[in-house]
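Comments concern the structure below.
Protein chains: 2
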Amino acid sequence: MSSAPLLLTDLYQLTMLEAYLDQGMSEDAVFEFFVRKLPPGRNFLIAAGLEQTLEFLETLRLSDGESEWLVSCGRFSDAFLAYLSELRFTGTVHAMPEGTIFFADEPILSVTAPIPEAQLIESRIINLLQFQTLIASKAARSVLAAPGKNLVDFGLRRAHGAEAALLAARASFLAGFDGTATVLAGQRFDIPLFGTVAHSFILAHDSESEALENFARSYGESVTLLIDTFDTEAGARKVVDLAPRLAADGISILAVRIDSGDLAAHARKVRAILDEGGLRTTMIFASGSLDEISVRDLLAAGAPIDGFGIGSRLDTSADAPYLDCAYKLTEYASRGRRKQSEGKATLPGRKQVFRRHDADESMLGDYIGLHDDRLPGTPLLECVMRNGRRSSPPETLQTIRGRTADQLARLPPALRDLDTADPYPVTVAPRLAALAARVDKATDQLA
Amino acid sequence: MSSAPLLLTDLYQLTMLEAYLDQGMSEDAVFEFFVRKLPPGRNFLIAAGLEQTLEFLETLRLSDGESEWLVSCGRFSDAFLAYLSELRFTGTVHAMPEGTIFFADEPILSVTAPIPEAQLIESRIINLLQFQTLIASKAARSVLAAPGKNLVDFGLRRAHGAEAALLAARASFLAGFDGTATVLAGQRFDIPLFGTVAHSFILAHDSESEALENFARSYGESVTLLIDTFDTEAGARKVVDLAPRLAADGISILAVRIDSGDLAAHARKVRAILDEGGLRTTMIFASGSLDEISVRDLLAAGAPIDGFGIGSRLDTSADAPYLDCAYKLTEYASRGRRKQSEGKATLPGRKQVFRRHDADESMLGDYIGLHDDRLPGTPLLECVMRNGRRSSPPETLQTIRGRTADQLARLPPALRDLDTADPYPVTVAPRLAALAARVDKATDQLA
Chain H
1 MSSAPLLLTD LYQLTMLEAY LDQGMSEDAV FEFFVRKLPP GRNFLIAAGL EQTLEFLETL
61 RLSDGESEWL VSCGRFSDAF LAYLSELRFT GTVHAMPEGT IFFADEPILS VTAPIPEAQL
121 IESRIINLLQ FQTLIASKAA RSVLAAPGKN LVDFGLRRAH GAEAALLAAR ASFLAGFDGT
181 ATVLAGQRFD IPLFGTVAHS FILAHDSESE ALENFARSYG ESVTLLIDTF DTEAGARKVV
241 DLAPRLAADG ISILAVRIDS GDLAAHARKV RAILDEGGLR TTMIFASGSL DEISVRDLLA
301 AGAPIDGFGI GSRLDTSADA PYLDCAYKLT EYASRGRRKQ SEGKATLPGR KQVFRRHDAD
361 ESMLGDYIGL HDDRLPGTPL LECVMRNGRR SSPPETLQTI RGRTADQLAR LPPALRDLDT
421 ADPYPVTVAP RLAALAARVD KATDQLA
Chain P
448 MSSAPLLLTD LYQLTMLEAY LDQGMSEDAV FEFFVRKLPP GRNFLIAAGL EQTLEFLETL
508 RLSDGESEWL VSCGRFSDAF LAYLSELRFT GTVHAMPEGT IFFADEPILS VTAPIPEAQL
568 IESRIINLLQ FQTLIASKAA RSVLAAPGKN LVDFGLRRAH GAEAALLAAR ASFLAGFDGT
628 ATVLAGQRFD IPLFGTVAHS FILAHDSESE ALENFARSYG ESVTLLIDTF DTEAGARKVV
688 DLAPRLAADG ISILAVRIDS GDLAAHARKV RAILDEGGLR TTMIFASGSL DEISVRDLLA
748 AGAPIDGFGI GSRLDTSADA PYLDCAYKLT EYASRGRRKQ SEGKATLPGR KQVFRRHDAD
808 ESMLGDYIGL HDDRLPGTPL LECVMRNGRR SSPPETLQTI RGRTADQLAR LPPALRDLDT
868 ADPYPVTVAP RLAALAARVD KATDQLA
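Those protein sequences? They're chains H and P, same order as listed.
Using this note's numbering, the first residue of the first sequence is number 1, and each one after it goes up by one.
Using this note's numbering, the first residue of the second sequence is number 448, and each one after it goes up by one.
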């Protein structure tokens with residue numbers, strides 16, 4: 001899925017590649033992916049999308065169809081098209097493992113490769129890393145807001161296309177969600193699948209009770225039933241009436257779903273109806289325009305809700321639908337580079353991030369240094385690809401999910417809050433600051 | 448691209464299908480796609496995504512790999528899996544042509560098919576229609592804000608995955624953009640491609656002047672040069688110095704691009720520098736965190752900008768990243784259906800939208816009626832698929848783009864404004880209102 005066509009790139013990558021080729025520029029470049037600043041309402045981000053990035057780099061090549069189309073465009077030289085047909089990614093990649101917490105200005109991926117290769121991949125690398133990082137970071141907030149609750153990605157319908165839906169299911173699962181409703185994500189990524197029943201099924205029947213019973217009998221044991229099609233509490237009473245008949249046939253009602261109205265008020269009334277009806281173990285699952293804020297508020301209000309289906313606002317990261325991120329040249333031909341564009345200046349050189357922890361393993365602060373710095377703390381970027389080959393086999397999603405949980409447990413308490421906290425301390429280390437000053441001085445002389 | 452795997456659906460569609468099969472429920476259902484309410488900041492929406500929806504319906508089938516995986520899950524009966532393997536879409540579809548302006552509660556697509564077929568397709572139909580409608584509607588606002596300006600989609604990097612980037616390029620082009628930077632969208636949809644040069648190219652050189660000249664010589668005639676890597680006005684002066692040398696070799700400088708700082712102030716200074724340097728026909732192209740509001744404000748401030756690259760905020764529809772939309776059962780076995788869930792009640796029956804215009808062809812108001820109503824105005828939904836086959840060949844993107852331009856020209860002046868206007872008049876016609884009341888009464892007796 002992530003082995004995208006080579007032409008999934010911006011036109012200027014191709015015109016720049018042709019110019020590099022014309023100039024004979026092919027020395028090694030370092031490009032780094034980082035977020036310029038955290039979006040409003042985020043105290044941290046979670047690195048995600050590396051696996052798809054590595055798949056993309058491993059399989060990068062021009063297809064015959066693409067090649068023919070480029071020829072038909074008449075825009076590029078034969079020499080360039082021949083070069084592009086042979087192009088493979090042969091570079092080296094350092095990255096933070098997926099699930100690692102990070103902050104503004106910290107590179108999570110660093111590519112060292114001949115400049116045409118490192119340049120061409122920019123568009124898709126940003127496309128892959130920014131989206132999963134965006135969603136994993138959003139999902140982690142629900143995970144922090146609802147400890148011990150069942151959280152399910154319901155976002156396929158409002159996700160921005162097919163790939164967004166699949167990758168949002170992956171990113172939310174690695175961030176700690178329990179699963180997704182998107183069947184194809186279950187197949188592709190081995191993510192647990194959850195599902196209930198829709199209003200249309202109820203409405204296609206002549207009575208709600210009959211619909212609920214038919215669905216439960218077809219579904220079999222541990223069914224979840226939707227009860228808000230007409231009147232939520234009446235729906236709950238129908239479930240209570242139905243339960244003994246189903247139990248006689250070995251079918252238990254795992255949960256009821258509420259999808260509209262005042263969820264806290266309905267959940268309280270429904271809980272009482274279920275409890276009085278002997279369905280004390282039947283859970284209440286809520287859905288409908290939810291996000292981490294409404295989940296937190298529902299739980300703070302004591303709403304007896306056991307699980308949440310979170311869709312549109314998760315899969316689009318609705319309050320912050322993109323990251324102010326970049327993949328920037330920081331070194332070419334062994335010399336540090338940085339742009340000085342207003343408000344967008346970058347740090348030069350290949351970098352490393354060092355994280356310090358206290359005795360309880362809680363995060364204390366980070367240094368951004370040069371890759372060969374020796375600074376206090378654990379270096380976070382590891383070599384994941386050398387000469388175009390992975391340094392180790394792909395990680396399982398469960399491994400990444402475990403790492404995220406471990407990382408979230410190390411977050412300073414203030415940063416775990418959904419409200420905006422004081423920024424986590426990130427310091428530019430002295431040698432990097434000195435390099436930035438030197439590059440500026442050299443640039444001022446040369447520009 | 449739009450022939451997605453059948454398993455790109457929500458789990459509950461499969462469990463409901465199995466239940467329909469178990470109950471022998473296979474009569475015709477009508478499902479309609481509509482938007483419940485316009486997002487904040489939108490005075491109208493533009494229907495888009497129908498072409499991909501029809502492709503999806505035409506090619507819907509379970510692959511062998513999907514079938515094997517479903518068997519391995521052990522969740523479904525053999526009878527159901529055999530049924531699913533044979534399932535094709537055989538229904539009839541009525542829809543507003545792409546590029547049609549529409550409003551809340553108006554169905555833009557109506558599917559009539561045996562209920563399992565009409566149900567299964569829900570997830571992907573919403574996924575396709577909501578995203579392109581979202582982006583076309585967002586893009587149209589820039590088109591209205593910047594008449595006569597060159598508008599280019601720059602959104603691949605921050606789009607939510609590959610399909611989002613491609614479909615955003617398509618949706619913004621049909622809404623009136625001039626093209627995209629996404630090469631693959633050029634190949635797939637025959638959309639004009641635009642590109643400039645990135646900061647990395649400049650930074651990989653030892654001098655900005657040398658970089659600009661090298662790029663221009665490699666690119667050839669009509670090049671666009673990026674001038675804000677270090678100091679925007681100094682960059683413009685370098686372009687002026689460079690122009691005669693390039694002109695001697697037949698290379699003209701089509702435009703300069705500014706990507707940072709106060710774009711209006713820089714554009715004015717750069718315009719003066721270019722004019723004094725004899726580059727009166729060289730255009731100024733602006734980019735960097737733009738949307739229709741900043742474009743409007745730049746032009747209102749008299750900024751001499753000729754074109755805009757609009758990326759992240761367009762491709763994510765950042766101020767409204769999803770639509771409150773639904774695909775709802777409105778009829779089953781020839782009887783109208785509607786849910787009564789709080790805040791989410793729907794209108795029953797298969798519908799038609801009738802639009803009235805004044806003598807100048809400006810839009811006056813719409814009726815939502817039943818499909819067999821005869822109401823004043825032009826009916827907007829047409830039969831586009833019958834028995835699973837398209838009623839006519841796919842429309843070209845240019846045809847759709849022309850329709851959108853025509854539709855935008857008919858918008859009442861107040862709705863063309865970027866600020867929120869009084870709502871356009873949409874009236875539920877009497878027979879539809881009467882049907883809704885009858886369905887409610889019948890439901891109350893039966894539920």
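Even for Gly, the Cβ is constructed at its ideal location relative to N, Cα and C.
Computed from a predicted model, the values in this text were never measured in an experiment.
| Check | Outcome |
| --- | --- |
| Inspect the beta-carbon positions of Glu-292(H) and Glu-51(H) and report whether they are closer than 9 Å. | no |
| Would you say Tyr-12(H) lies against chain P (beta-carbon separation less than 9 Å)? | yes |
| Note down, in chain order, each residue of its chain lying with its Cβ closer than 6 Å to the Cβ of Leu-693(P), except the 5 sequence neighbours on either side. | Ala-663 |
| Ignore the nearest five residues each way along the sequence and tell me which others in Gly-250(H)'s own chain have a CB closer than 7 Å to its CB. | Glu-221 |
| With 9 Å set as the bound, which would you pick, yes or no: does the beta-carbon of Gly-608(P) sit closer than that to a beta-carbon of chain H? | yes |
| Taking the runs of the alpha helix (DSSP H) that are 4 residues or longer, which of them lie wholly in the segment 17-63 of chain H? | 50-59 |
| Quick one: list the residues of chain H neighbouring Met-472(P), beta-carbon separation under 7 Å, in chain order. | Ala-204 |
| Report, in whole angstroms, the separation of the C-beta atoms of Leu-455(P) and Asp-637(P), which I expect to be a contact under 8 Å. | Actually they do not touch by this definition, with Cβ atoms about 26 Å apart. |
| To the nearest angstrom, how far is it from the Cα of Phe-154(H) to the Cα of Gly-179(H)? | 9 Å |
| Taking the alpha carbon of Asp-820(P) as the reference point, which residue from Phe-801(P), Asp-688(P), Arg-727(P) and Thr-643(P) has its own alpha carbon closest? | Phe-801(P) |
| In angstroms, rounded to a whole number, what distance separates the CA positions of Lys-138(H) and Ser-172(H)? | 8 Å |
| Within a Cβ cutoff of 8 Å, which residues of the same chain sit near Glu-513(P), ignoring the five residues on either side of it in sequence? | Pro-452, Leu-453 and Leu-454 |
| Which residues, in order along the segment 473-500 of chain P, keep a beta-carbon less than 9 Å from a beta-carbon of chain H? | Glu-474, Ala-476 and Phe-478 |
| For Ala-442(H), which three-state DSSP category applies? | helix |
| Helix, strand or coil: which one does DSSP assign to Leu-528(P)? | helix |
| Tell me Ser-734(P)'s beta-bridge partners as DSSP assigns them. | Gly-756(P) |
| Just to confirm before moving on: does the CB-CB distance between Ser-449(H) and Phe-732(P) stay below 9 Å? | For chain H, the structure presents residues 1 to 447; residue 449(H) sits outside this window and is missing. |
| Check for me: the alpha helix (DSSP H) holding Gly-235(H) runs from which residue to which? | 232-248 |
| Rounding to the nearest angstrom, what Cα-Cα distance links Ser-707(P) and Gly-521(P) in this structure? | 56 Å |
| Find out if the Cβ-Cβ distance for the pair Thr-629(P), Gly-195(H) is shorter than 9 Å. | no |
| Leaving out five residues on either side along the sequence, give the residues of the same chain with a beta carbon under 7 Å from the beta carbon of Arg-271(H). | Ile-284 and Pro-304 |
| Does DSSP put Ile-649(P) in a helix, in a strand, or in coil? | helix |
| Looking only at its chain, what residues have a beta carbon closer than 7 Å to the beta carbon of Val-482(P), apart from the 5 residues adjacent to it on each side? | Leu-492, Ala-551, Leu-770, Asp-771 and Cys-772 |
| On a Cα-Cα basis, can you pick out the residue from Leu-435(H), Val-239(H) and Ala-204(H) that is closest to Glu-213(H)? | Val-239(H) |
| In whole angstroms, give me the CA-to-CA distance for Ala-466(P) and Met-832(P). | 27 Å |
| For Pro-639(P), count neighbouring C-beta atoms within 10 Å of its own C-beta (all shown protein chains included) and say buried if the count is 16 or more, exposed if not. | exposed |
| I'd like the span of the alpha helix (DSSP H) that includes Ala-773(P), first residue to last. | It is not in any alpha helix (DSSP H) - Ala-773(P) instead sits in the beta strand (DSSP E) that spans 771-779. |
| Taking C-beta pairs closer than 8 Å, name the residues in chain H that Arg-588(P) reaches, listed in chain order. | Simply none; closest approach about 16 Å. |
| Mind checking if His-646(P) is an interface residue toward chain B, Cβ cutoff 9 Å exclusive? | This model lacks chain B altogether; the protein chains it does include are H and P. |
| For a contact defined as C-beta to C-beta under 7 Å, what are the partners of Ser-312(H) on chain P? | Tyr-769 |
| Could you give the distance in angstroms between the alpha-carbon of Thr-399(H) and the alpha-carbon of Gly-49(H)? | 14 Å |
| Would you say Ile-310(H) and Pro-107(H) are within 9 Å of each other, going by their C-beta atoms? | no |
| List the residues of chain P whose Cβ lies closer than 7 Å to the Cβ of Leu-156(H), in chain order. | Asp-457, Ser-570 and Asn-574 |
| Here's the rule I'm using: 16 or more other beta-carbon atoms within 10 Å means buried, otherwise exposed. How should Ala-437(H) be labelled? | exposed |
| Do you know how far the Cα of Ala-185(H) is from the Cα of Arg-170(H)? | 7 Å |
| Please list the partners that Phe-641(P) has in chain H, where partner means a Cβ-to-Cβ separation under 8 Å. | Leu-11 |
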